[in-house]
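Numbering (the numbering used here), first residue to last: -4 to 399.
Report on the following structure.
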Ligand code: HMG
């Protein structure tokens, strides 16, 4: 038995309401709220990055875990902070992991986290007394004023994979699909992704049917074997499109919209207010499903679809463990979302335009973070991270005053 022993997620303490963005862009808010299915987008302040977000999530995922059993830390991201050094090494240091723990970075757009997961499953099968920590952390950024803008967001997940899962046990079967396409990419000289939006949706759906086909052939399972489904969520309406498509290609043409929503609805709640978090997105959806579903999901089989532009995709599944609710951190996650601060449009633009120096000069970043770790600045071309000192017991996140 191999699966998820602990699972935690993080999104920064700031967001922009999409009705504010709609007003500024002269767009009917219904397009964002209903057509795209997003209400708010999480925004990264100047003193946070994928390292600080990932370290914050991992801090909680590891709270009941013996660190000496962590064999490997795999960090999945497409918002890397260095061309050579893995973000995993910074997290390794911030969390005080043993020097015997391997730490490295994995990339294939949003699917990098699932590639890490598949490696982790194999590793734990080989060494059942060891654990793997997977961190997936990303900032979704598109051109200012572009059609991708309302699908921005930020967040991280951390999960411990072990032979003593408390949350979900994975099935051994999976189906994958790889094709060289230019639907979404980010050249090294750009901070924002380039995207062929409508085409990316088509490729996502093609990758879903192809990976489903292989999964179905390998496992013999059919659509009706899944009590719940989680999809990669670049925006939550994508789940409706994906689910309708999956029902059709798996031979279930007559599934009513409310029956589709009953199977995936609870997985959308968190992403609707955080926005896309690329590698973390599917697993934020899984967290949302397990924490916001009214029903007890014990014993339910969950189908999961991971899509990474470019493209690689994987369909896989798992069964929810008895007692999973007590292994989740629903109250803290809920509080984290409730205590975020809403930004004005001008403040959003200020965050968006902030850049660390690119000429090698030193800088100290302004203090904004709501998390446990912050990027204090850059000195001698080196990123300087620090732990944030505050009163933990209340779990209350405090924000320093905005200077904008
Ligand atoms: P757009 O072209 O501005 O929007 O961009 P649209 O015209 O297609 O409208 C969107 C929906 O809103 C449509 O519904 C409209 O009818 C509806 P649909 O036809 O899709 O059912 N609409 C309204 N609804 C209610 N009231 C209204 C109203 N007006 C219109 N008044 C797009 C949309 C998603 C393409 C754009 O935001 C974009 O390019 N986003 C980024 C790319 C993306 O998210 N692609 C998804 C698949 S690729 C992927 O998932 C990978 C990714 O995560 C990256 C990675 O792997 O690393 C992105």
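The beta-carbon is built from N, C-alpha and C at its ideal position, and this holds for glycine as well.
Residues that DSSP places opposite residue i in a beta bridge
i           : result
residue 359 : 372
residue 65  : 126
residue 333 : Residue 333 pairs with nothing; no bridge assigned.
residue 340 : DSSP, once it has assigned bridges, lists no residue as partnering residue 340.
residue 31  : According to DSSP, which records beta bridges pairwise, residue 31 is partnered with nothing at all.
residue 152 : 4 and 131
residue 302 : 308
residue 224 : 298
residue 377 : 374
residue 190 : 179
residue 140 : Answer is none; residue 140 lacks a bridge partner.
residue 37  : 10
residue 70  : 100 and 130
Residue closest to residue i, alpha-carbon to alpha-carbon, out of the options
i           : options               : result
residue 308 : 205, 240 and 220      : 205
residue 145 : 19, 298, 353 and 294  : 19
residue 118 : 138, 86 and 155       : 155
residue 157 : 294, 216 and 125      : 125
residue 160 : 358, 306, 361 and 321 : 321
residue 152 : 61, 333, 328 and 340  : 328
residue 235 : 246, 221, 250 and 222 : 250
residue 361 : 317, 346, 99 and 223  : 346
residue 71  : 120, 128 and 42       : 128
residue 44  : 191, 149, 185 and 105 : 149
residue 77  : 65, 46 and 88         : 46
residue 171 : 213, 376 and 352      : 213
residue 383 : 371, 304 and 376      : 371
residue 340 : 196, 267, 364 and 15  : 15
residue 380 : 203, 88, 300 and 351  : 88
residue 374 : 364, 199, 352 and 363 : 352
residue 334 : 281, 299, 268 and 291 : 268
residue 233 : 298, 33, -4 and 326   : 33
residue 264 : 254, 283 and 305      : 283
residue 222 : 270, 241 and 292      : 292
residue 246 : 216, 271 and 231      : 216
residue 305 : 113, 17, 364 and 173  : 173
residue 219 : 82, 108, 107 and 244  : 244
residue 40  : 147, 108, 363 and 112 : 363
residue 238 : 301, 332, 25 and 366  : 301
residue 367 : 22, 338, 42 and 106   : 42
residue 122 : 253, 271, 64 and 110  : 64
residue 62  : 92, 295 and 110       : 92
Residue i in three-state terms, based on DSSP
i           : result
residue 3   : strand
residue 389 : Note that residue 389 has pLDDT 36, beneath the 50 cutoff, so the model's placement of it is unreliable and no number is given.
residue 47  : helix
residue 180 : strand
residue 127 : strand
residue 12  : strand
residue 113 : helix
residue 94  : coil
residue 284 : helix
residue 173 : strand
residue 324 : coil
residue 185 : coil
residue -4  : coil
residue 382 : strand
residue 395 : The pLDDT assigned to residue 395 is 41, lower than 50, so where the model puts this residue is not dependable; a value taken from the coordinates is nonetheless given after this. It is coil, neither helix nor strand.
residue 346 : helix
residue 60  : coil
residue 313 : strand
residue 163 : strand
residue 251 : coil
residue 206 : helix
residue 104 : coil
residue 270 : strand
residue 276 : helix
residue 83  : helix
residue 168 : strand
residue 157 : strand
residue 78  : coil
residue 293 : coil
If you pair each beta-carbon of the region 164 to 184 with each one of the region 29 to 45, do three or more pairs fall below 8 angstroms?
no
Pairing CB atoms from the region 163 to 173 with CB atoms from the region 313 to 320, are three or more of them under 8 angstroms?
yes
Between the region -1 to 13 and the region 42 to 59, do at least 3 Cβ pairs fall closer than 8 angstroms?
yes
Is it true that the region 106 to 118 meets the region 285 to 292, where meeting means three or more beta-carbon pairs spaced less than 8 angstroms apart?
no
Pairs of beta-carbons, one from the region 265 to 285 and one from the region 222 to 238, closer than 8 angstroms: are there three or more?
yes
Inspect the CB distances between the region 195 to 210 and the region 90 to 100 and report whether three or more fall short of 8 angstroms.
no
Is it a yes or a no for the region 131 to 142 touching the region 255 to 267, going by three-plus beta-carbon pairs under 8 angstroms?
no
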